[in-house]
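Numbering (my numbering), first residue to last: -1 to 905.
Read the structure below first, then the notes.
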DNA sequence: CCACATCCCTAG
DNA sequence: TAAGCTAGGGATGTGG
């Protein structure tokens, strides 16, 4: 049998634990495969006579099945040879955490290793299996190891199991669902009092010809055949679970199901059961009932054999949006409308037996449709599936977890192969100690930008800088010189200190992993070029993206205080090489390279040419900005520099710098900014061109400035985007000034009653990031959260982005933040002056100030002339002032005289 | 006017 | 089984 592994767990059996693998076969069958015979174990490092200790362990702990002495390396530090350690096998997986602390009390016991690996992961790692990987099995019988009914097409026991090479994805089945509850008095429904009245489900592929079904717990007249009505809530719920099991989905999704629908259904079922109703919420492929656990403030849901995917957190982490309500997400990402019945009107719609009820049903249907559309259309899972395949973690773990478990997984596999053990996760005390330590982790180097408007800036960056640094210098937990010194004596000393053995002495595990990931990525990208169809291309693209994510996860992991393998020495070595590297790069370009001559379609250095003719196209280079792994190089010449010219220069720089670096470090030519405006570190806008085939594709890219920040209003970003376009593309500062004056005038004369849409443009959002009580200062969004709580009884949940506008008044700014909906409903006046003086003009001034424009000249009010000037005319255009300034900018940048009339530049 | 703390969000 | 990392700008507010 061949199938793709979706999920894994184990069951207890008198013969020992039995692994269960759940999956789907290529022909569409769902599979449950029992694998007996794998045993749980962990390692112990001890002093003294190990065989005596082994005997003692077996005597003292009857859950220990056997103890073996095996040679192993310790987790950290270069070591000349392995040392004997104990490998302790237990009866049951749960015995490992039960005894791991107690065994340390025995004489000689020093440390235990690999004591917190989930049994199913231990199995996958040791057998070389991967999440979403394909396996082939030898089927020996149909006898399952338990009496539980298994909800799969094919159930069997495997005598052998092997991974097979295959990157495609099985025909997965998706179900999305959404519930509607009847609120009491329009307030937030709670399972104690509000019944579930409807459940909508969407299927991909269709279920018996239905893309959607809506279950309704009352009689419905005149609805289509995809509406099923029931006499009671209990009947509806029971049918829901039957249909759920019958469809047998691999991926169970919805929008905010983890924090709402699933806990609500589970709680509601419990309440109904307590009142004598008979509801069995069977959802697992093993028949397990629906349940959830609260971990911290997060709800974890797991359904054996299936993967639970809440679209909300996935969208949060993959898209930067101002709000993550289903309404807004559907609009922004799918261009679809969510349909809604206001909570206050729900009861009315529900009690209606005609049009309103049918409308309500359609609205409910739409929610599960939107959820499944988000997952399928946006291909939210592609990347996760690829990450599971590459890292080996199960899909559920990849979807739920962070980078830590993926890195752990890869490290465990490679450590195992090389005979090294891995420590368990650090205790809270150890983490606290690590955090308290005075020694910190320094990050990347950010070069001070040359502020103002520049032309012809070539942008280059280092390909996977940190991973390549680790590979180039053999930086690893396993190569740091601690206990043993290498015989040859050859070591690498990073700028930050510490000492690492070179790859000749011993190649580090991390560099090896990174190398294979990098190699696979190059290979995958190569395959993408000859992909035969779109689906193959997509799988490959997801794979190369997953490889990139994993490549970049190792550095962060090494500096993460809760990581099993935490090493500041290592993390600091990486960043210190990075800082040294970018500074060296700048010095090389400004000094050694500094001039490039363009001739006959090639770029040369002075020394590469016999002589320089007066007519030669000489380009002078200087680094004007850089952040961590990038350099921005300004090209100056007496002649016009075309994009192709700049491209030649860029490639020349990239090749030259790369040649001076150890393998596999590489500086890559990225793009060309025809014009670039640097405001500050991490804040700039460029009119940038990238090569796409034979063509150059251009556009404006903004980094860090207010237009890309969600805590500024739309009015600001729209205005800024416009003036950036005018300045960068057209070089027309005059037009930019006029535009700002027009906008300011418009804001000065806002009439909210005539133009309620304007509120949208004035709305800012901020994340309600922690419990209200842990804020030390008042915050505008906190004010609004409090007001909402007063009005509705429920505060917005932590993690939500809260929209607000600033209303007129004399109070402090923070107290004048107000819910935009409330403002609209009650016609509350907006603080126009705040929007002009605090939202619009400061960012505008940061940009136009470069050209000598004075803000005072921008604050223009047609209705109230005389605010800043005393004539009847609109204020004098400030353009004259910046004309001089502009001339300076130009002569500075391009020492050639251009004619300029209304526009600054004339391309 | 300033230095400083706090908060948010972004770049990489 | 909660959580990759640091650098940095800018707004607001406090206290001198």
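Beta carbons: idealized from backbone N, C-alpha and C, even for Gly.
> Who are the near neighbours of residue 263 in its chain, counting only those whose CB is closer than 8 Å to its CB and skipping five residues on each side?
Replying inline: 177, 194, 235, 279 and 288
> Thinking C-alpha only, which one of 391, 642, 133 and 573 is nearest residue 408?
Replying inline: 391
> Can you list, in chain order, the residues of its chain whose CB lies under 7 Å from that of residue 812, leaving out five sequence neighbours each side?
Replying inline: 776, 777, 778 and 781
> Going by beta carbon distance, what residues of the same chain come within less than 6 Å of residue 733, once the five residues before and after it are set aside?
Replying inline: 724
> Just how far apart, CA to CA, sit residue 626 and residue 443?
Replying inline: 5 Å
>> Suppose you measure from the CA of residue 679 to the CA of residue 449; what does that come to, to the nearest Å?
In response: 9 Å
> Hey, out of 37, 748, 628 and 50, whose CA is closest to residue 9's CA?
Replying inline: 37
>> Along the chain, where does the alpha helix (DSSP H) containing residue 773 start, and where does it finish?
In response: Taken as a continuous stretch (DSSP letters only), residue 773 belongs to no alpha helix (DSSP H), as it is neither H nor E.
> So, using beta-carbon positions, are residue 373 and residue 327 closer together than 8 Å?
Replying inline: no
> According to DSSP, which residues form a beta bridge with residue 218?
Replying inline: Note: residue 218 sits in no beta bridge, so no partner.
>> Taking the beta carbon of residue 355 as the centre, do at least 16 other beta carbons fall within 10 Å, making it buried, or is it exposed?
In response: buried
>> Which residues does DSSP list as the beta-bridge partners of residue 5?
In response: 20
> CA-CA distance, residue 23 and residue 122?
Replying inline: 18 Å
> Quick one: is residue 317 buried, meaning 16 or more other Cβ sit within 10 Å of its Cβ, or exposed?
Replying inline: exposed
>> DSSP three-state label for residue 254, please.
In response: coil
> Roughly how many angstroms separate the alpha carbons of residue 696 and residue 644, rounded to a whole number?
Replying inline: 14 Å
> Does the distance from the C-beta atom of residue 677 to that of residue 624 stay below 8 Å?
Replying inline: no
> residue 746 and residue 859: beta carbons closer than 8 Å?
Replying inline: yes
> On the premise that residue 422 lies in contact with residue 87, defined as a C-beta separation below 8 Å, what is that separation, rounded to the nearest angstrom?
Replying inline: Not confirmed; about 17 Å, so no contact.
> Under 8 Å, do residue 651 and residue 458 count as touching if we go by C-beta distance?
Replying inline: yes
> In three-state DSSP terms, what is residue 100?
Replying inline: helix
> Thinking C-alpha only, which one of 344, 310 and 366 is nearest residue 398?
Replying inline: 310
> Is the region 77 to 97 in contact with the region 346 to 360, if contact means three or more CB pairs nearer than 8 Å?
Replying inline: no
> Shortest alpha-carbon distance to residue 757 belongs to which of 465, 290, 717 and 821?
Replying inline: 821
> How many whole angstroms separate the CB atoms of residue 647 and residue 594, which I take to be in contact at a CB cut-off of 8 Å?
Replying inline: 5 Å
>> What does the alpha-carbon distance come out to for the pair residue 111 and residue 418?
In response: 10 Å
>> When you compare the region 194 to 207 with the region 47 to 65, are there three or more beta-carbon pairs, one atom per stretch, that lie closer than 8 Å?
In response: no
>> To the nearest angstrom, how far is the alpha carbon of residue 797 from that of residue 764?
In response: 10 Å
> Tell me which same chain residues have a C-beta within less than 8 Å of the C-beta of residue 569, skipping the five on either side of it?
Replying inline: 439, 553, 556 and 557
> If residue 297 and residue 257 are in contact, beta carbons under 8 Å, what's the gap, nearest whole angstrom?
Replying inline: 5 Å
>> For residue 471, count the other beta carbons within 10 Å of its own beta carbon; 16 or more makes it buried, fewer makes it exposed. Which is it?
In response: buried
>> Suppose contacts are defined by Cβ-Cβ distances below 8 Å. Is residue 828 in contact with residue 760 by that definition?
In response: yes
> Going by C-alpha distance, which of 837, 794, 375 and 212 is nearest residue 718?
Replying inline: 837
>> Beta-carbon within less than 6 Å of residue 482's beta-carbon, same chain only, minus the 5 sequence neighbours each way: which residues are those?
In response: 76, 77 and 78
> According to DSSP, which residues form a beta bridge with residue 697?
Replying inline: 686
>> Would the region 533 to 540 count as touching the region 161 to 168 if we require 3 or more Cβ pairs under 8 Å?
In response: yes
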